[in-house]
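Novice: Mind the numbering: the sequence shown is residues 1 to 461 in UniProt numbering, read in order.
All C-beta atoms in this analysis are idealised placements derived from N, C-alpha and C, irrespective of residue type, glycine included.
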Amino acid sequence: MRPDMHPDMRRDLLTLLRNPKLARLLDELHASLVRNGEPKGRVKVQSRDEADALQDLIGGKWIEPGLTVAVRDIDQRLREQSLFHCSLAEAVELHRGAPIARPKEERERRIAGRDRAVRRCFQLLSELKISTEAFTRVATWMNAAESEMRADATRWGEAALVDGIRAVALAFHRLPAPGSPPIYLAELANEVTGGSHGLDVGKPEHALLIRALAFTFPEAAAGEERGSAAWKLNLLSAAGIARDPISVRVDTFGLDGDTPYLRELRREGIDRPFTLNTLGEIGGDVRAWRNVAFVVENPTVLAALIKHVRPWIPDRHPTLICTNGNLNLADKALLDALVQRGAHLFYGGDFDARGLEIAAQVLARYPGAASTWRMSVDDYRDALRTEGHTLPPGAVDRAARTFPALTAEIAARGQAAHQEGLIPALTRDLSRFVLEGVAPKISQLLISDATELQSSLAPSE
Numbered sequence: 001m002r003p004d005m006h007p008d009m010r011r012d013l014l015t016l017l018r019n020p021k022l023a024r025l026l027d028e029l030h031a032s033l034v035r036n037g038e039p040k041g042r043v044k045v046q047s048r049d050e051a052d053a054l055q056d057l058i059g060g061k062w063i064e065p066g067l068t069v070a071v072r073d074i075d076q077r078l079r080e081q082s083l084f085h086c087s088l089a090e091a092v093e094l095h096r097g098a099p100i101a102r103p104k105e106e107r108e109r110r111i112a113g114r115d116r117a118v119r120r121c122f123q124l125l126s127e128l129k130i131s132t133e134a135f136t137r138v139a140t141w142m143n144a145a146e147s148e149m150r151a152d153a154t155r156w157g158e159a160a161l162v163d164g165i166r167a168v169a170l171a172f173h174r175l176p177a178p179g180s181p182p183i184y185l186a187e188l189a190n191e192v193t194g195g196s197h198g199l200d201v202g203k204p205e206h207a208l209l210i211r212a213l214a215f216t217f218p219e220a221a222a223g224e225e226r227g228s229a230a231w232k233l234n235l236l237s238a239a240g241i242a243r244d245p246i247s248v249r250v251d252t253f254g255l256d257g258d259t260p261y262l263r264e265l266r267r268e269g270i271d272r273p274f275t276l277n278t279l280g281e282i283g284g285d286v287r288a289w290r291n292v293a294f295v296v297e298n299p300t301v302l303a304a305l306i307k308h309v310r311p312w313i314p315d316r317h318p319t320l321i322c323t324n325g326n327l328n329l330a331d332k333a334l335l336d337a338l339v340q341r342g343a344h345l346f347y348g349g350d351f352d353a354r355g356l357e358i359a360a361q362v363l364a365r366y367p368g369a370a371s372t373w374r375m376s377v378d379d380y381r382d383a384l385r386t387e388g389h390t391l392p393p394g395a396v397d398r399a400a401r402t403f404p405a406l407t408a409e410i411a412a413r414g415q416a417a418h419q420e421g422l423i424p425a426l427t428r429d430l431s432r433f434v435l436e437g438v439a440p441k442i443s444q445l446l447i448s449d450a451t452e453l454q455s456s457l458a459p460s461e
C-alpha cells in the first residue's frame, strides 16, 4: 500500500473492500494475481450487486453484470480513475492483510520455512538434557529423515514439528533399559507431552515416534505389514513401551513358584494367560519346572502339548509357554523372570520368515540361556511332509546369519512349513524330558535321579 495514502483515504478504501457483495470477485482477482504475477486475464461480474460494488471501488464507466472485465482494466482504473490511485495488487493486499505471494516467491517461502523448522529441531535436540544413547539414536534418525521432516513442516507447521521432535527425544531418553519393566504408553505420553493422550494415533508426536522406532529397531516388526496395528505394537514392544498393563499376554502351563497362586495353578494343572499387570505381581516368584521352559510360537501347538502332558501327575508337568507370534512385552517379562531364576529356554516355531526371526530374537536376548527346539534342517524336512506353502524369494534372508544351513535349505526349496507338522516329535521330546530328564538335543541329564520319574505318567488321584 502506498505509504503516502492519508489514513482517512485508507479507511474509506477498506470500507469499500469489505463490502460482502465484492468478496467473491476479490477472491478471483487475488487468485489471478497469484497465478499470473501481474494484472492479466479476465474475471466475470456475475450480478448487479457485484457490478455496483466494483463500480464504487474503481470508478469510471458503467459496468454491466454478466460481462467479463479485463484484470488489467480494473488495475488501470484503480490507478487513474478511482479516488485512491493505488494498484489492484495494493488494494487486494490491504483487503487480505498480507502480501500477495507469487508462485516463485511462495515456493521459496515454503522452502525457507521448512529449512528453518528442521534447523530448529536439530537445535532443540542439542539443547535437551537427554542421555548420550538417546541423543545418538534420535540424531541418527533425524539425519536420515530430513526430507520427511521438511514435508512434516509443511503438513503440520513448524511449531507442531518442533513439539513432536521434543516428544520423541524425551521418549527415547525415558525408554527402559533391557530387562527393566516396561513403561506404559499413557505414562510415557504424560511425561513427554504433558498429557496422557499426547502420543495417541493421529497426533504428530505419535507419527514421529513410530517412524523413529521403525528406524531404530528395523527388525522388530519386519514380519508385519508396515503401518498395521501389529507392526506398531511390535515396534512399541521392542522399545519397552506397553500400550497398557492388560492388553498383552503370554499363555502358560506348568509354571512353578512359591506363591499360593502359582502352587494352586500347578496343583490343578491349569493353563493360564498372564498379563503385564499380573506378571508385575508374581514375576519375582515364578520359576520353570526343573529350570527348563519349552516355548512355542503357535497356540495350536501349545494346546496339543498341554493335551499330551495333562494326564500326568501335576507335580511332573513341564513348563510350557506360548508367545502367540512375535515376542510382546508380556512374553519378554516372563522369559526374563524365568532366565533370571536360572531357567534354560527351548524355543520352537514355524519355518518361515517370522518364525526364524522370533527364534533369532530369543537366542540373541538370552545368550547361553536359550536353544532352538526342533528347528534343524531335518526337522524342517519332516514338517514339510505334513504341509508347506510357497515363500517369495529372499523371504528368510534376514535370518541367514543365525541359521545359515536352515535358511539355505528353505530358500532352495522355496517352501515354508508350520510347527504343527512336528507335534508328534515335540510330544516325544516332552515325554523323554519328563521320564528321563533329558532336554532336546542335549545328552546331559538335567536331573540326577531319572528313576523317580517313572511315576510321572501315572494319573493323579
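#1: Opposite Ala242 in the DSSP bridges: which residues?
#2: Please confirm if the stretch 36 to 46 is in contact with the stretch 64 to 77, defined as three or more CB-CB distances below 8 Å between the two stretches.
#3: Is the shortest distance between the beta-carbon of Ala177 and the beta-carbons of chain C less than 9 Å?
#4: For Ile241 and Leu276, I'd like the C-alpha separation in whole angstroms.
#5: Excluding the 5 residues flanking Leu208 on each side, which residues of the same chain have their C-beta closer than 6 Å to its C-beta?
#6: Please list the terminal residues of the continuous alpha helix (DSSP H) segment that includes Ala405.
#7: Considering only DSSP beta bridges, list what Cys322 is partnered with.
#8: Tell me which residue opens and which closes the beta strand (DSSP E) that Thr259 is part of.
#9: Who pairs with His344 in a beta bridge, going by DSSP?
#10: Under 8 Å: do the stretch 117 to 124 and the stretch 140 to 152 share three or more Cβ pairs, one atom per stretch?
#11: Indicate the three-state DSSP secondary structure (helix, strand or coil) for Phe84 in the structure shown.
#12: Contact defined as beta carbons within less than 8 Å: I believe Phe351 pairs with Tyr380. What is the distance between those atoms, to the nearest angstrom?
#13: For the beta strand (DSSP E) holding Ser376, just list the boundary residues, first then last.
#14: Let me check one thing: in DSSP terms, what residues is Val286 bridge-paired to?
#15: Apart from the five residues on each side of it in sequence, which residues of its chain come closer than 8 Å, Cβ to Cβ, to Glu225?
#16: Do Ala153 and Leu161 have their C-beta atoms within less than 9 Å of each other?
#17: Considering only C-alpha positions, which residue in the set Asn234, Gly195, Ala399, Leu185 is nearest to Pro245?
#18: Tell me the start and end of each unbroken alpha helix (DSSP H) in the stretch 143 to 184 that is at least 4 residues and wholly inside, in chain order.
#19: If you count every other CB in all the chains shown that lies within 10 Å of the CB of Gly105, and 16 or more means buried, which is it?
#20: Check for me: the beta strand (DSSP E) holding Arg226 runs from which residue to which?
#21: On the CB-based measure, 16 or more other CB atoms within 10 Å of its CB, does Glu108 come out buried or exposed?
#22: Measure the beta-carbon distance from Leu13 to Ala91 and round it to whole angstroms, keeping in mind my assumption that it falls under 8 Å.
#23: Is the stretch 335 to 345 close to the stretch 267 to 275, with three or more CB pairs under 8 Å?
#24: Pick from Trp312, Lys332, Leu338, Ile306: whose alpha carbon is nearest that of Gly284?
#25: Using DSSP bridges, identify the partner residues of residue 469.
#26: Can you find at least 3 beta carbon pairs, one from the stretch 294 to 301 and one from the stretch 415 to 426, that sit closer than 8 Å?
#27: Using 8 Å for Cβ pairs, my map puts Leu199 next to Leu188. What's the rounded Cβ distance?
#28: Out of Pro204, Gly227, Ala31, Arg24, which one is the CA nearest neighbour of Asp49?
#29: Among Ala333, Arg266, Arg398, which has the Cα closest to the Cα of Trp312?
#30: Short of 8 Å in beta carbon distance, which residues of its chain neighbour Val377, apart from the five on each side in sequence? Order them along the chain.
#31: Per DSSP, His389 is paired with what?
#32: Any idea what DSSP makes of Arg116, helix, strand or coil?
#33: One question on the structure: do Ala288 and Asp256 come within less than 9 Å of each other, judged by their Cβ atoms?
#34: Taking the C-alpha atoms as reference points, what is the distance between Glu461 and Lys307?
#35: Keeping to the same chain, check which residues put their C-beta closer than 7 Å to that of Ser131; ignore five residues upstream and five downstream.
#36: With C-beta atoms as the reference, is Asp397 less than 9 Å away from Ala416?
Specialist: Straight from the coordinates:
#1: Stepping through the sequence shown from its first residue, residue 242 is reached at position 242. In the DSSP secondary-structure assignment, Ala242 is bridged to Tyr184.
#2: yes
#3: Chain labels in this structure do not include chain C; a single protein chain is all it has.
#4: In the sequence shown, the residue the question calls residue 241 occupies position 241. In the sequence shown, the residue the question calls residue 276 occupies position 276. Taking the straight line joining both Cα atoms gives about 11 Å.
#5: Numbered from 1 along the sequence shown, position 208 holds the residue referred to as residue 208. Gly164, Val168, listed in sequence order.
#6: Numbered from 1 along the sequence shown, position 405 holds the residue referred to as residue 405. Per DSSP, Ala405 belongs to the alpha helix (DSSP H) from 404 to 413.
#7: What you label residue 322 is simply residue 322 of the sequence shown in a count that begins at 1. According to DSSP, Cys322 bridges with Asp251, Val296.
#8: Taking the sequence shown and counting its residues from 1, the one referred to as residue 259 is at position 259. Per DSSP, Thr259 is not a residue of any beta strand (DSSP E), being assigned neither H nor E.
#9: The residue labelled residue 344 in the question sits at position 344 within the sequence shown. Val292, per the DSSP bridge assignment.
#10: yes
#11: Taking the first residue of the sequence shown as position 1, residue 84 is located at position 84. The answer is coil: DSSP assigns Phe84 none of H, G, I, E or B.
#12: To locate residue 351, count along the sequence shown from 1; it is residue 351. To locate residue 380, count along the sequence shown from 1; it is residue 380. About 5 Å separates the two Cβ atoms, so the contact holds.
#13: By one-based count along the sequence shown, residue 376 stands at place 376. Ser376 -> no beta strand (DSSP E), and no H or E assigned at all.
#14: Here residue 286 corresponds to residue number 286 of the sequence shown, with the count starting at 1. Bridge partners of Val286: Gly257.
#15: Here residue 225 refers to the residue found at position 225 of the sequence shown. Counting only Cβ-Cβ distances below 8 Å, and skipping sequence neighbours, we find Trp231.
#16: Taking the sequence shown and counting its residues from 1, one reaches residue 153 at position 153. Taking the sequence shown and counting its residues from 1, one reaches residue 161 at position 161. In this structure, Leu161 lies closer than 9 Å to Ala153 by Cβ.
#17: Residue 245 sits at position 245 when you count from the first residue of the sequence shown. Ranking Asn234, Gly195, Ala399, Leu185 by Cα distance to Pro245 puts Leu185 first.
#18: 146 to 156, 158 to 174
#19: Position 105 of the sequence shown, counting from 1, holds the residue named residue 105. According to the sequence displayed, residue 105 carries Glu and not Gly. It counts as exposed.
#20: As a first step, residue 226 must be located in the sequence shown, where it is residue number 226. Boundaries for Arg226: no beta strand (DSSP E) harbours it, and the DSSP string shows neither H nor E there.
#21: Counted from its first residue, the sequence shown places residue 108 at position 108. It counts as exposed.
#22: Locating residue 13 in the sequence shown gives position 13, counting from the first residue. Locating residue 91 in the sequence shown gives position 91, counting from the first residue. Leu13 to Ala91, Cβ: 7 Å. Contact.
#23: no
#24: The count along the sequence shown starts at 1 and reaches residue 284 at position 284. Closest in C-alpha terms to Gly284, from the list Trp312, Lys332, Leu338, Ile306, comes Leu338.
#25: No information on residue 469 is available, as it lies outside the stretch 1 to 461 that the chain covers here.
#26: yes
#27: Stepping through the sequence shown from its first residue, residue 199 is reached at position 199. Stepping through the sequence shown from its first residue, residue 188 is reached at position 188. Indeed they touch by this definition, with Cβ atoms about 7 Å apart.
#28: Taking the sequence shown and counting its residues from 1, one reaches residue 49 at position 49. For Asp49, the nearest C-alpha among the options comes from Arg24.
#29: The residue labelled residue 312 in the question sits at position 312 within the sequence shown. Cα-wise, what sits closest to Trp312 is Arg266.
#30: Working through the sequence shown from its first residue, we reach residue 377 at position 377. Contacts found: Ala405, Leu406, Glu409.
#31: Numbered from 1 along the sequence shown, position 389 holds the residue referred to as residue 389. In DSSP, His389 forms a bridge with Ala416.
#32: Taking the first residue of the sequence shown as 1, we reach residue 116 at position 116. Here Arg116 sits in helix by DSSP.
#33: Here residue 288 refers to the residue found at position 288 of the sequence shown. Here residue 256 refers to the residue found at position 256 of the sequence shown. Their beta carbons are under 9 Å apart, which means Ala288 touches Asp256 by this criterion.
#34: Walking along the sequence shown from the start, residue 461 turns up at place 461. Walking along the sequence shown from the start, residue 307 turns up at place 307. Unreliable placement is indicated for Glu461, whose pLDDT of 32 sits below 50; no coordinate value is reported for it.
#35: Within the sequence shown, numbered from 1, the residue matching residue 131 stands at position 131. Around Ser131: His173.
#36: The count along the sequence shown starts at 1 and reaches residue 397 at position 397. The count along the sequence shown starts at 1 and reaches residue 416 at position 416. No.
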